Every structure is written in C-alpha cells, then in structure tokens.
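Protein sequences, first through last, are from chains A and B. Per numbering that gives the first Met the number 0, the first sequence runs over residues 0 to 143. Per numbering that gives the first Met the number 0, the second sequence runs over residues 0 to 143.
Protein chains: 2
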Amino acid sequence: MLSQSVEYALRAVVFLARAGEPRTTAQVAEATQVPAPYLSKVLQGLARAGIVRSQRGVGGGMTLVPKPDKLTILDVVNAVDPLQRIESCPLGLREHGVKLCALHRRLDNAMKSVEDAFRNSTLADVLADPNPSVPLGSLADSAE
Amino acid sequence: MLSQSVEYALRAVVFLARAGEPRTTAQVAEATQVPAPYLSKVLQGLARAGIVRSQRGVGGGMTLVPKPDKLTILDVVNAVDPLQRIESCPLGLREHGVKLCALHRRLDNAMKSVEDAFRNSTLADVLADPNPSVPLGSLADSAE
DNA sequence: CTCAAACAGGACACCGTAGTCCAATTTAGC
DNA sequence: GCTAAATTGGACTACGGTGTCCTGTTTGAG
Numbered sequence: 000m001l002s003q004s005v006e007y008a009l010r011a012v013v014f015l016a017r018a019g020e021p022r023t024t025a026q027v028a029e030a031t032q033v034p035a036p037y038l039s040k041v042l043q044g045l046a047r048a049g050i051v052r053s054q055r056g057v058g059g060g061m062t063l064v065p066k067p068d069k070l071t072i073l074d075v076v077n078a079v080d081p082l083q084r085i086e087s088c089p090l091g092l093r094e095h096g097v098k099l100c101a102l103h104r105r106l107d108n109a110m111k112s113v114e115d116a117f118r119n120s121t122l123a124d125v126l127a128d129p130n131p132s133v134p135l136g137s138l139a140d141s142a143e
Numbered sequence: 000m001l002s003q004s005v006e007y008a009l010r011a012v013v014f015l016a017r018a019g020e021p022r023t024t025a026q027v028a029e030a031t032q033v034p035a036p037y038l039s040k041v042l043q044g045l046a047r048a049g050i051v052r053s054q055r056g057v058g059g060g061m062t063l064v065p066k067p068d069k070l071t072i073l074d075v076v077n078a079v080d081p082l083q084r085i086e087s088c089p090l091g092l093r094e095h096g097v098k099l100c101a102l103h104r105r106l107d108n109a110m111k112s113v114e115d116a117f118r119n120s121t122l123a124d125v126l127a128d129p130n131p132s133v134p135l136g137s138l139a140d141s142a143e
C-alpha cells in the first residue's frame with residue numbers, strides 16, 4: 000500500500016529526529032536497516048523537499064530541518080510518494096466533474112481517512128509515544 | 000495507492016451487480032472503459048476467488064456469485080490485491096513480535112481504517128447510493 | 001456434427017520501482 | 001594545497017504490474 004521508499008524515508012526521519020545532529024547516510028542506513036545506496040536516493044528526495052538538509056565533506060551528513068512538532072507523517076509521505084486522492088471520476092466521463100460516483104466516493108473517503116491520520120501525526124507525537132517495544136528508538140544512539 | 004487491477008475489478012463487479020445476468024468480458028470491458036484483454040485476467044482472478052462465475056460458449060459470460068448485500072468492497076480488494084496490514088516490525092528485529100513501534104502502529108492504524116471502511120461497504124450499499132452523478136450507473140444498461 | 005461464441009492460459013513487450021555501482025564534486029582539517 | 005570524508009548524479013540491472021496477442025478449450029445452437 001505504501002511504497003518502500005516511504006517506509007525508508009519515515010525510518011530515516013525518525014532516526015534523524017532522535018539524533019538531533021548530522022548523521023551520515025551510512026549511519027542512517029545501518030541504524031534503519033536500509034540498503035545504503037538506495038537510501039541515499041530517498042534522502043536526496045527529502046532534501047529537495049526541504050525536510051532534511053545535506054552537508055558534504057568531513058563532519059557532514061543529513062540533518063532534520065523542521066522541528067519535530069511541525070513535521071507530520073503526511074509531509075514525509077507526500078515528499079517521497081504523494082498519496083493521491085480521487086479528484087474526479089476515473090472513467091473517461093468528465094461530465095461528472097467534481098462529484099464522484101458512489102463507488103469512488105467510498106474509495107476516496109478511505110484515502111481521506113489515511114490522509115487525515117497522517118496529517119494528525121507529527122514526528123514529535125511519534126517520538127513521545129511511550130511504547131514498550133521501540134525498535135527505532137533502541138537504535139537511536141547506535142551511531143554515537 | 001490502490002492498484003489498477005483493483006479499480007478495474009470494482010468497476011466490473013458494480014456493473015455485473017447491476018446487470019444481474021451474464022455479461023461477456025467484452026461487454027464489461029466496454030461499459031467500464033477497461034482494456035478487454037487485461038480485464039479478462041482480472042475477471043479470471045475474481046472467478047478463482049468465487050466472486051464471479053464464468054460460463055463458456057454461446058450465451059455465456061460472467062455472473063456475480065454473491066448477493067450484493069453479502070459482498071463487500073474489501074472482499075473484492077482482497078481477492079485481487081490483498082491489502083496488507085503491518086503485522087510485525089518491518090525491521091529485522093523480531094524480538095518485538097506482536098507489538099509495533101510508535102511509527103508502525105500509526106501506519107497500521109491508517110491501514111486498519113481503510114480496511115474497516117471497505118468492510119463496511121457492501122455492493123448493495125454502493126448500488127443503493129443516491130448520487131446525482133452516477134458514471135457506472137448510467138452505463139449499466141449499455142449492453143442490453 | 002459443425003460452427004461460432006466465449007473463456008482460459010501462455011508468451012511477450014513496456015515501464016516504473018527497487019537496488020547497485022561508480023565517477024564527480026564539495027568540504028573540513030592538517 | 002592535499003587528502004579523506006561525504007553527498008550528488010548518472011548508468012545500469014532486476015522484478016513486478018500493466019497491457020497485448022494468439023492459441024487452445026469449452027459449449028450452445030443449428
């Protein structure tokens with residue numbers, strides 16, 4: 000349902016948020032268990048979207064740009080692989096314009112519920128979540 | 000988010016439900032604006048799942064098997080392209096077993112909301128929906 | 001029995017996503 | 001200014017989803 004790239008991007012962003020300091024692609028890759036060369040591409044996308052900032056050279060790496068309470072899961076998803084609502088009837092008939100048929104209105108409502116859920120989850124929410132099993136959390140300091 | 004195949008399958012099922020009688024793949028394809036050879040494959044999948052019954056030879060075609068009020072959108076989706084919940088942590092760490100981390104619990108909740116919405120929409124609901132713009136509805140009798 | 005209608009199934013082409021690899025470029029520190 | 005660290009970008013492969021085509025098989029009707 001969600002692409003691999005989105006999954007990787009979210010893991011990376013959570014990791015970078017916990018770090019608070021620049022981390023190299025290699026460090027992020029190891030901590031989040033993602034193939035480093037591919038993660039590199041995903042992070043480039045996040046950089047283009049302004050979600051992370053990249054710094055080359057010694058001591059460089061990737062840093063999260065927005066404050067965690069200002070960055071939502073939806074922001075990350077849309078930066079990597081925008082989730083598309085059903086705007087108009089997928090059939091050729093554009094006479095129906097804005098209004099959707101019974102079927103596609105239901106499908107779009109499901110999309111909307113996902114969108115809303117993602118918009119209402121900030122990175123800060125995720126970080127603050129008290130959960131006994133915290134895979135990404137336990138890895139946060141692995142690069143220290 | 001949802002695959003083309005799912006979209007095609009749902010259009011076909013709605014059309015067949017309205018028809019109530021066998022319709023050939025060609026008829027379904029034209030009414031739902033789907034490439035016929037590909038729709039053929041999708042319908043084969045629905046047949047294997049028991050959602051439609053196929054009859055060869057003259058006067059044959061595809062017929063919807065379940066009563067529309069017993070068939071949900073979720074049934075169709077799962078027959079074609081099962082939407083997968085996040086069961087366990089996608090990271091290598093299976094020590095966490097059932098419990099999901101804060102991030103993946105949120106992602107899975109979004110999946111669950113979609114699943115629930117689809118499970119609560121029967122074909123009968125879709126058919127009965129009074130909507131001024133009814134693309135698929137207006138096509139229901141095009142094969143008569 | 002024969003023929004035409006209709007589905008079944010396999011082979012193939014196309015394209016986007018996932019993933020790898022390597023050369024080029026920027027940059028901090030000695 | 002040289003070197004090592006680090007990102008950037010392009011080229012490449014692999015694979016699955018989408019879509020086409022063609023042959024075979026079933027089946028009803030004359």
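Glycine included, every Cβ here is placed at the ideal spot set by N, Cα and C. Bear in mind that the values here come from a model prediction, so they are computed numbers and not experimental data.
The CB of glutamate 6 of chain A comes closer than 7 Å to the CB of Pro89 in chain B, given here in chain order.
Secondary structure at glycine 19 of chain B: coil, using DSSP grouped into helix, strand and coil. For aspartate 107 of chain A, no CB of chain B lies under 8 Å from its own CB, so it is not counted at the interface with that chain. Of the residues A:Val76, A:Glu29, A:Met0, the one whose Cα lies closest to the Cα of phenylalanine 117 of chain A is A:Val76. Between leucine 90 of chain A and methionine 110 of chain A, the CB-CB gap reaches or exceeds 8 Å. Remark: fewer than three beta-carbon pairs, one from each stretch, lie closer than 8 Å, so the region 25-38 of chain B and the region 24-36 of chain A are not flagged as touching. By the beta-carbon neighbour count (other beta carbons within 10 angstroms, threshold 16), glycine 60 of chain B is buried. Here the C-alpha atom of valine 113 of chain B lies approximately 35 Å from the C-alpha atom of arginine 22 of chain A. Shown here, valine 75 of chain A sits in a helix according to DSSP, grouped into three states. Rounded to the nearest whole angstrom, the C-alpha separation of proline 129 of chain A and alanine 101 of chain B is 8 Å. Here valine 125 of chain B is buried: its Cβ has 16 or more other Cβ atoms, across all protein chains shown, within 10 Å. Chain-ordered, the chain A residues with CB closer than 7 Å to the CB of serine 120 of chain B read Arg105. Chain B places a beta carbon closer than 8 Å to that of glutamine 32 of chain A, counting this residue as a contact.
For the region 40-51 of chain A, the set of positions with a beta-carbon nearer than 8 Å to some beta-carbon of chain B is empty. The beta-bridge partner set that DSSP reports for serine 53 of chain B consists of B:Met61. Against alanine 116 of chain A, the close residues of chain B are Arg105, Asn108, Ala109, Ser112, in the order they occur along the chain (beta-carbon pairs closer than 8 Å). Taking a C-beta cut-off of 9 Å against chain A, none of the residues of the region 56-70 of chain B qualify. When DSSP reads this structure, threonine 121 of chain A sits in a beta bridge with A:Thr71. In the assembly as shown, alanine 25 of chain B is an exposed residue. Its beta-carbon has fewer than 16 other beta-carbons within 10 Å.
Across the structure, threonine 121 of chain B and leucine 73 of chain B are spaced so that their CA atoms are roughly 9 Å apart.
Non-local C-beta neighbours of valine 12 of chain A in its own chain, meaning closer than 8 Å and more than five positions away in sequence, comprise Leu45, Ile50, Val51, Leu63, Leu70, Val75, Leu122, ordered along the chain.
Taking a Cβ-Cβ threshold of 8 Å, none of the residues of chain B is close to leucine 15 of chain A; the smallest such distance is about 13 Å. Among the residues facing chain A, valine 125 of chain B is included, as its CB has a counterpart in that chain under 8 Å away.
Across the structure, alanine 18 of chain B and aspartate 68 of chain B are spaced so that their CA atoms are roughly 15 Å apart.
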